[in-house]
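Undergrad: In this note's numbering, the protein residues as written are 19 to 218.
Positions of the beta carbon are idealized from the N, C-alpha and C atoms, including for glycine.
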Amino acid sequence: MLPFFLLLFSTCVPASPLPTILVFGDSLSAGYGIDIDQSWPTLLQAKLKTQGYEYLVINASISGETTEGGSVRIGAALENFNPNLVILELGGNDGLRGFPPQIIKNNLRKIIQAAQANKASVVLLGIRIPPNYGVRYTQAFESVYRELATELSIPWIEFFMQDVALDQSLMQEDQIHPNAAAQPILLNNVWPVVSETLSK
19 MLPFFLLLFS TCVPASPLPT ILVFGDSLSA GYGIDIDQSW PTLLQAKLKT QGYEYLVINA
79 SISGETTEGG SVRIGAALEN FNPNLVILEL GGNDGLRGFP PQIIKNNLRK IIQAAQANKA
139 SVVLLGIRIP PNYGVRYTQA FESVYRELAT ELSIPWIEFF MQDVALDQSL MQEDQIHPNA
199 AAQPILLNNV WPVVSETLSK
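Below you can see the structure in the form of structure tokens.
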């Protein structure tokens, strides 16, 4: 049977007999500008199968999403899918809009704590923003992920876009969103930490 993949969640989706991984992010995970079958969450589903893991990947990422929006909709996502693992990739849109790092941190904390209260593990994907936002702001923004990972004792990836963000050949014309060729690299960035949280 082919892997079952959902782009967006619906209250009509029946409960899966398989343990579930929920990818909860923005356009970097939603497959913006590329075929959804090429996105790293879809590749994750395929890799899980080849590696002998029986998990269902549900991609509840929305392009343009902010941490505030995520904090509002996480409850419904948890209720609908009851995930075993949440891969949280949010904050980039907040940073690009110059939102206060403390507010970003508070929103991410709400999402993480909601997932933990629902007995889900969480992997946090760190994001960076261009240096033109100023050293003080960029450092404060990037420290949000490290501080939350320490505070809430969750595994994290320092820079989700490692080896992609500064390579123009791996970015779409807007130089913000990764292209199809970048998706396997994003998956490779995520896989070591994610695989450590899974059981066969």
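Which residue marks the beginning of the alpha helix (DSSP H) containing E214, and which one marks its end?
TA: Taken as a continuous stretch (DSSP letters only), the alpha helix (DSSP H) holding E214 covers 201 to 214.
Undergrad: I'd like the list of long-range same chain contacts for I39, defined as Cβ closer than 6 Å, with 5 residues on each side in sequence excluded.
TA: So the list reads Y73, V75, L103, once near-sequence residues are dropped.
Undergrad: Could you compute how far the alpha carbon of P173 sits from the alpha carbon of V211?
TA: Distance between the alpha carbons of P173 and V211: 7 Å.
Undergrad: For G110, report the span of its beta strand (DSSP E) as first-last.
TA: G110 -> not in any beta strand (DSSP E); alpha helix (DSSP H) instead, spanning 110 to 114.
Undergrad: Keeping to the same chain, check which residues put their C-beta closer than 7 Å to that of P149; ignore five residues upstream and five downstream.
TA: Around P149: T156.
Undergrad: Mind checking Q268: buried by the 16 CB within 10 Å criterion, or exposed?
TA: Any question about residue 268 goes unanswered here, given that the chain covers just 19 to 218.
Undergrad: Quick one: what's got a C-beta closer than 6 Å to I130's C-beta in the same chain, skipping five residues either side?
TA: Excluding sequence neighbours, I130 sits near V140, L170.
Undergrad: Can you list, in chain order, the stretches of the alpha helix (DSSP H) that have 4 or more residues and sit fully within the segment 25 to 96?
TA: Segments of the alpha helix (DSSP H) lying fully in the segment 25 to 96: 45 to 48, 58 to 68.
Undergrad: Report yes if the CB atom of L166 is closer than 8 Å to the CB atom of K123, and no otherwise.
TA: Result yes, Cβ atoms of L166 and K123 sit closer than 8 Å.
Undergrad: Given a threshold of 16 other Cβ atoms within 10 Å of its Cβ, counted over all protein chains shown, does S161 qualify as buried or as exposed?
TA: Exposed, since its Cβ has fewer than 16 Cβ neighbours within 10 Å.
Undergrad: Does E107 pass the burial test, meaning 16 or more other C-beta atoms within 10 Å, or should it be called exposed?
TA: The residue in question, E107, is buried, as its Cβ has 16 or more Cβ neighbours within 10 Å.
Undergrad: With a threshold of 16 other CB atoms inside 10 Å of the CB of C30, please say whether the residue is buried or exposed.
TA: Reliability of the predicted coordinates at C30 is poor, the pLDDT of 40 falling under 50, and the value obtained from them is presented with this limitation in mind. Per the 10 Å Cβ criterion, exposed.
Undergrad: Rounding to the nearest angstrom, what Cα-Cα distance links L142 and D53 in this structure?
TA: Taking the straight line from one Cα to the other gives about 25 Å.
Undergrad: What three-state label does DSSP hand P148 in the structure shown?
TA: Coil, per DSSP.
Undergrad: Who are the near neighbours of N136 in its chain, counting only those whose CB is closer than 6 Å to its CB and skipping five residues on each side?
TA: Within the same chain, N136 has close Cβ partners L96.
Undergrad: With H, G and I counted as helix, E and B as strand and the rest as coil, what does DSSP make of P119?
TA: Helix, per DSSP.
Undergrad: How many angstroms separate the CA atom of W209 from the CA atom of L62?
TA: Each residue's alpha carbon lies about 8 Å from the other.
Undergrad: When you compare each of F159, V182, D44, F99 to P119 by their alpha carbons, which one comes out closest?
TA: For P119, the nearest C-alpha among the options comes from F159.
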